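A.B. asks: Just passing along the structure, written as structure tokens.
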Amino acid sequence: MGKKTLVIGASPKPVRFSHQCVKELTQHQHPVIALGNREGEIDGVPIQKGKPQMEDVHTITLYLGPKNQQEYYDYILGLKPERIIFNPGTENDELKLMAEQQGIQTVMSCTLMMLSYGTF
Numbered sequence: 018m019g020k021k022t023l024v025i026g027a028s029p030k031p032v033r034f035s036h037q038c039v040k041e042l043t044q045h046q047h048p049v050i051a052l053g054n055r056e057g058e059i060d061g062v063p064i065q066k067g068k069p070q071m072e073d074v075h076t077i078t079l080y081l082g083p084k085n086q087q088e089y090y091d092y093i094l095g096l097k098p099e100r101i102i103f104n105p106g107t108e109n110d111e112l113k114l115m116a117e118q119q120g121i122q123t124v125m126s127c128t129l130m131m132l133s134y135g136t137f
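First residue of the sequence shown: 18, per my numbering; consecutive thereafter.
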């Protein structure tokens, strides 16, 4: 069984890295939840809006810039993931520190590269 992963900043546009990430996670047998500001679908995975409640999220991978992450701080930390992946351009020392203080692992990396190298 894969690691249940929440992709925040998912886009229905195929050129976006977040779109490619949802596809790759699915292909690698990880259960995926896509969260974005536009409804749509990525290979059968619906893009949800808002802050839906969910349980047992292993990994949150971010595709939102630091300024847009602020409104999600409580939501992200409240899901109590095992780790948060900050993809390039999403690095945020404030959220990183808050997560680490709650025992959440933080990773500054590219989810797509981690999947391709088998380090996800």
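From the three backbone atoms N, C-alpha and C, an ideal C-beta is built for every residue, glycine too. No experiment lies behind these values; they were computed from the predicted model shown.
Name the residue from Q46, I102, D60 whose alpha carbon lies nearest to the alpha carbon of I25.
C.D. replies: What you label residue 25 is simply residue 8 of the sequence shown in a count that begins at 1. When only C-alpha atoms are compared, the closest one is I102.
A.B. asks: Here's the rule I'm using: 16 or more other beta-carbon atoms within 10 Å means buried, otherwise exposed. How should L42 be labelled?
C.D. replies: Locating residue 42 in the sequence shown gives position 25, where the first residue counts as 1. Flag for L42 reads buried.
A.B. asks: May I ask which residues mark the beginning and end of the alpha helix (DSSP H) holding Q86?
C.D. replies: Walking along the sequence shown from the start, residue 86 turns up at place 69. 83-86 is the extent of the alpha helix (DSSP H) around Q86.
A.B. asks: Considering only residues of the same chain and omitting the five flanking positions on each side of Q119, which have a CB-CB separation below 8 Å?
C.D. replies: Within the sequence shown, numbered from 1, the residue matching residue 119 stands at position 102. Counting only Cβ-Cβ distances below 8 Å, and skipping sequence neighbours, we find L94, K97.
A.B. asks: In terms of alpha-carbon separation, which member of Q86, K20, K66, V62 lies closest to M115?
C.D. replies: Numbered from 1 along the sequence shown, position 98 holds the residue referred to as residue 115. Ranking Q86, K20, K66, V62 by Cα distance to M115 puts Q86 first.
A.B. asks: Would you identify the three-state DSSP class for E58, choosing helix, strand or coil?
C.D. replies: As a working mapping, residue 58 is identified with position 41 in the sequence shown. It is a strand residue.
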